[in-house]
Amino acid sequence: MTEMQKLYLLVPLAPLAGAIIAGLFGKAIGRAGAHWVTILGVAVSFVASIFVYQDVAAGNVFNGTVYTWATSGDLKFEVGFLIDSLTTTMMLVVTFVSLMVHIYTIGYMHDDPGYQRFFSYISLFTFSMLMLVMSNNFLQLFFGWEAVGLVSYLLIGFWYTRPSAIFANLKAFLVNRVGDFGFLLGIGLIAAYTGSLNYADVFAQGQKLASTHVELFQGEPWTLVTVICICLFIGAMGKSAQVPLHVWLPDSMEGPTPISALIHAATMVTAGIFMVSRMSPLFELSDVALSFVMVIGAITALFMGFLGIIQNDIKRVVAYSTLSQLGYMTVALGASAYSVAIFHLMTHAFFKALLFLAAGSVIIGMHHDQDIRNMGGLRKYMPITWITSLVGSLALIGTPFLSGFYSKDSIIEAVALSHLPGAGFAHFAVLAGVFVTAFYSFRMYFLVFHGKERFHVHAGHGHDAHGHGQHGTPHESPRVVTVPLILLAIPSVVIGYLTVQPMLFGDFFEGAIVVSEQHPVMAELAHHFKGALAMGLHAFVTAPFWLALAGVALAWFFYLKRPELPQAIRAKFGLVYEILENKYYFDRINEVVFAGGARLVGRGLWKGGDQGLIDGIVVNGSAKVVYWVAQITRLFQSGYIYQYAFSMIIGVFVLLTFWFNRG
Amino acid sequence: MDFKTFVFYFLSAILLFAAVRVITARNPVHAVLYLVLSFFTAGGLWLLLHAEFLAIMLVLVYIGAVMVLFLFVVMMLDINLERLRQGFWSNLWVGLPVAVLMVAEMALVLTGRYFGAEALPTPPPQPADYSNTKELGRIIYTDYVYPFELASVILLVAIIAAVALTLRRRKDTKYTDPSKQIAVKRNERVRMVSMPAEKE
Amino acid sequence: MNFTIPDLYPASAEIFVLIMACVVLLVDLVAGKSRRWMAYFLTQLTLIGAFAITLFTMDGRTVLTFANGFIDDTFSDILKLVLYFSVAVVLIYGRSYMAERRLENGEFYLLVLFATLGMMVLISASHFLTLYLGLELMSLSLYAMVAINRDSAVCTEAAMKYFVLGALASGLLLYGISMIYGATGTLELPGVRQALYFNSANSKVLVFGLVFVVAGLAFKLGVVPFHMWIPDVYQGAPTAVTLFIGSAPKLAAFAMAIRLLVMGLFELAEQWQTMLMLLAVLSIALGNLAAIAQSNLKRMLAYSAISHMGFMLLGVLSGVVAGDPRYAVPAYSSAMFYAVSYVLMSLGAFGMILLLSRAGFEAENLEDFKGLNKRSPWFAFVMMILMFSMAGIPFFVGFFAKFAVLQAVVAAGHIWLAVFAVVLSLVGAFYYLRVVKLMYFDPPADTTPIRAPFDMRLLLSANGLAVALLGAMPQAILDYCAYAFIGGR
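Chains as they are written, first to last, in this note's numbering: chain A, 807 to 1469; chain B, 807 to 1006; chain C, 107 to 595.
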């Protein structure tokens, strides 16, 4: 094992060690011990990631097996690493955001009794996520995939005494099972047709998969690679919350805010995006799959943005914004602009984590009141939170020169250049999305930080779970909260400007991401690109900028200038509001069709299968068999030696008789 | 039928009779005596096979040592055979058919076809000064030295086990320990007491 | 008269153990009661020494010595290493238990050493005679160990049963061996195989003998219907002795099966495989079903041992398919994997009983494990790992052992057998999980703090973790087991 390989191992194992120590010996090491040991683990991991990044940047790509777990026939189950530019980008993002969240948590969870447990979980999450991104095979990918899902489940239900948290984590769990089912089918197909689970082996056989046809429906041959890619993408839809498997993400806001930032904004939900990018050699072989990806992404990007407009819970606004931005990334994937998707993933990770943590800071300041209608004018009381929120919002809506601008604009342009079926719709959706994003972002921003101070009015109500009527004056959060905000605000501003050139148009992702010649979107994009500065200046004459500005202006007009207007509009457009309020009835449909259907099937199985067959025959029957066997054994197990000896003689006799004629 | 064959059948008949009586005799001492008889006739059979050393060992060890010890134990224990036999008839109906069938199956295999004089080669005749004991000794201490050693270890284990399971120091026995008696010191026996003188 | 001194080098570990046993005997005699630790210390030293000797004399060659009575091959070396290890663990677990009951005699350690020697002889036997003598050496020591608490009527009764039935089984085995000797004219196992290969005339006699050999073997393995002694002896013996009986002798019995059936009677595989199939089916069924009805943990583990041995036989019986020995090595190595992992789990499970027991109190009922999580979360966790592994829940070592064995069964084409085994192991999972349920969801009936020597706590924790962690490297163990079968050839 070389020095570099040890370093690779160190990256995931350091957080794992932290998680184990904080989890198993949490009581012994105390609260401070728990946060020190986990933060140390993640920090080590972050520093190691930087070294790995530098090594990869110097041109050293590693693909190898660390450990063979089991061999079954020709199929090998291994633990291995594939370290290339894509991996290191993800590693840096994951470890950096995780580090920030760890620090932030010290402040946010300060009074929580489950302090050590929480640190153990988030470190475990970091480990799982790193295993996922560093994998060189599907099995380990799936392991990481499920492990992050598990930790997410545990963390959404972290406050397990709240019924809503339990409901939310169950929902996340169930919806993700649907996605995982597709994912597992995809992996199964790959293993069945290529006989390998290693990325490199599978990609090498891509052409074979593209020329194999399967008939899913009578008379309609599909290429195998299309089926595989759609199956894999269904997995991504579950994890990255794409319509219609998005319903779990808004509810996941029941978890503590650091989790919303780390898992449900910056890292875990982007696992689907990462996975599709990693599988680019396969996706490139199927136009159908790419179209499918693009259309799903476009729907998510636009329609989830609409929902953000009417939310009143500060975290839910950010959650819907996350959904919408994930839609943007997915659209980029569909347009074969994988590097753009990863680029947006990275910038988004920074500014969305920032926004979430800022929201968390506001929540702390508001004594755990999350309703933005009760806020307003917080600018004075929480200056650092205010300024960092503004930076995050500006980055999110794509203000020129800020990080979000470069990634988002590139997506819009990439979609415009795509010729796949559905690209037209997608282009419209992402353009309209810009306006919507700007509107809801600044609606929240104005309602929280500007305007009248509404928190005193509601002081007497005490209607929220944590408040207990102790609404005093909001105050700025402690330094462990604000320092991560500042540290995250810096990349939110500059990272786009600094990295757009190498990540999108340089050869940074050379070898990690494959784009076929039939989808020359990136090449054309590069053709138009004249440098980061020029791109920013050029923005002032393009539609997205003016759309975003219009969104901000409209938000200002509605919520600062004429605050009574939204109420009037809501009365006017009751139906639209109703639809949005009910989130397009997705939950209702799920509830009635799927859950109802499942309950119906369940009832049938319960009555007929379970009570009749299982209980009646299998359970009671086997209970009877057990009883019967126990009786017989008791009869023979009498304690008398001669009976024991007799049983042996009978044994010999039976053997002798049966095999007598075989000799 | 030559004389040797006659002796073989004669001894075998006694052996079988004695073996049956071991089980059926009402008196335990009689049963043991029948066992002695069966061993003795078995020794005779060994002699017929030129295995005089084994025959003598059988008589010396089994009859001379083991059985005599056994007889003492049986006489001292006062075993009530009637009580041991209580389950005999009730279990006979299960046991007997199995036993009969087993014997039938064994009889089918252990016929002359496989174990008759034709199936096995006749051992080469040995010269007159051939010593069975010497041959046995030679093979035990050369080729079979390993099993021989193992057998000795087994005997050692048997001794250890017997000691471990039976040796006990009874608390209520009164015995004198000579070494303690010798090692005793004066002040353990005589206690000097100083008392104030009594006055009338 | 010419006599060459046999090559003693391959048997150096056996010789060392024998000499040390005699040393322990003398030292303990002189040291007396107050210095019992010397016997313990020397016994452990013996095991460590034997481990080192076996390890350093292991060279992958197959050597026969003592006029072909003793074989030294990779199979024997690897099994012996596991054997020393498990005996050492038994002593560490059992020491305080025996001391608290005033049973920690020098004889106990001596008997352990002699039983170990017997097992070593058995593992290295290449001759019917040495195989039988090794078996008797082991058995005799075990009988005495069961009876070591001579004031307890239960112990004595258990020992008596074990002894009488063991004698019967030895008789059956000897009878079978004599038949095979009659048919082949040799007692050397490789010789028997040769004779069978060139001459299959007396097949009736051979099968006749085989039945008795298999019966004697089945008794040692404790498979149905030769299992009757197991529950009574497991329950009756002092727990430390049960721990011993339930671990190392299983390895020896496995070695005996391989030596007898594979090394000697390989040409009769078709016959003995079907016999073992019958025994395995009965054992898996009865072991799992009867265990459910038990309320005594030792008795439950006894029935579980019966079903586990049935599972192990599944591996032994899938080696030859339609006369084709192609699958032999994977099948036998899967059985070896099963035996080794079972020993590991069994050590841990009985170790837990010993941990919870204290002077005057035997924690052998299921009730005694109630609420263990409240008393000691860590050991409840260890016990949970052990139970999960025994039940064959992924991804503990027990799962992979079952998986490997079932893979061999399927490769041999007995799909129905695999399905049957899986269904019954699911039934069996019930009683293992019941222990977990009692530990975690029931209030403790007894709140005495758990006190045990440090070395035992440490080792027991390591034991539990090993069961969990070896599940991460099943391939490595399987490779070692395969090496045991290939290495020497």
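For glycine and all other residues, C-beta sits at the position ideal for the given N, C-alpha and C.
- When beta bridges are read from the DSSP output, D430(C) appears opposite V427(C).
- Look at P116(C) here: in three-state DSSP terms it is helix.
- Listed as beta-bridge partners of L888(A) by DSSP are N869(A).
- Beyond the five residues adjoining it in sequence on each side, L843(B) comes within less than 6 angstroms, by CB distance, of A824 in the same chain, given in chain order.
- Against P331(C), the close residues of chain A are S1453, M1454, I1456, G1457, in the order they occur along the chain (beta-carbon pairs closer than 7 angstroms).
- As a beta-bridge residue in DSSP terms, E1026(A) pairs with F1023(A).
- Closer than 8 angstroms at the C-beta level to chain B, one finds these residues of the stretch 228-252 of chain C: H233, L235, T236, L239, G240, E242, L243, L246, S247, Y249, A250.
- Within the DSSP bridge table, the entry for H233(C) names E294(C) as partners.
- The C-beta of Q400(C) has 16 or more other C-beta atoms within 10 Å across all chains shown, which makes the residue buried.
- As summarised for the stretch 286-347 of chain C, the continuous alpha helix (DSSP H) elements at least 4 residues long and confined to that stretch are 295-304, 309-327, 335-342, given in chain order.
- For the pair E120(C) and M226(C), the CB atoms are nearer than the 7 angstroms cut-off.
- Distance from the CA atom of A1374(A) to the CA atom of G1044(A), rounded to whole angstroms, is 37 angstroms.
- Ranking Y927(A), M906(A), H916(A), R1185(A) by CA distance to the CA of I827(A) puts Y927(A) first.
- Classified as exposed, S140(C) has fewer than 16 neighbouring CB atoms from the shown chains inside 10 Å of its CB.
- Using a 10 angstroms sphere on the CB of E213(C), the tally of other CB atoms reaches 16 or more, which defines it as buried.
- By alpha-carbon distance to K1367(A), the top candidate from K1258(A), G985(A), I1385(A) is K1258(A).
- Closest in alpha carbon position to F1089(A), among Y1187(A), A1143(A), V862(A), is A1143(A).
- Close partners of M863(B) in chain A (Cβ separation under 9 angstroms) are lacking, with about 29 angstroms as the shortest Cβ gap.
- Along the stretch 263-280 of chain C, going in chain order, the ones with a CB nearer than 9 angstroms to a CB of chain A are E263, M266, K267, V270, L271, L274, A275, L278.
- Three or more Cβ pairs closer than 8 angstroms define a contact, and the stretch 894-913 of chain A meets that threshold against the stretch 841-860 of chain A.
- The beta carbons of L323(C) and M383(C) sit no closer together than 7 angstroms.
- Considering only beta carbons, the part of the stretch 393-416 of chain C lying closer than 8 angstroms to chain A consists of L395, A396, I398, A399, in chain order.
- By the neighbour-count criterion, in which 16 or more other beta carbons inside 10 Å mark a residue as buried, F547(C) falls on the exposed side.
- Taking each of Y1005(A), Y999(A), W1465(A), A1451(A) in turn and checking the Cα distance to S1017(A), the smallest one comes out for Y999(A).
- I1423(A) is outside the set of residues whose beta carbon lies under 7 angstroms from a beta carbon in chain C.
- By the neighbour-count definition (other C-beta atoms within 10 Å, threshold 16), Q379(C) is a buried residue.
- Fewer than three Cβ pairs drawn from the stretch 552-571 of chain C and the stretch 528-538 of chain C lie within less than 8 angstroms of each other, which leaves the two stretches out of contact.
- The Cβ atoms of N975(A) and L888(A) do not sit closer than 7 angstroms to each other.
- At a cut-off of 7 angstroms between beta-carbon atoms, Q379(C) makes no contact with chain A.
- Residue Y409(C) holds the alpha-carbon nearest to the alpha-carbon of V1435(A) among G291(C), A156(C), Y409(C).
- By the rule that beta-carbons nearer than 7 angstroms mark a contact, D949(B) touches chain C.
- Across the set K508(C), G454(C), S118(C), S284(C), the C-alpha of K508(C) shows the shortest separation from the C-alpha of S413(C).
- For the 7 angstroms CB-CB criterion, G315(C) and G282(C) form a contact.
- Beyond the five residues adjoining it in sequence on each side, F964(A) comes within less than 6 angstroms, by CB distance, of G1061, P1062 in the same chain, given in chain order.
- Taking a contact to require three or more Cβ pairs closer than 8 angstroms, the stretch 1133-1151 of chain A and the stretch 1107-1114 of chain A qualify as touching.
- When the Cα atoms are used, N1004(A) and V347(C) turn out to be separated by approximately 50 angstroms.
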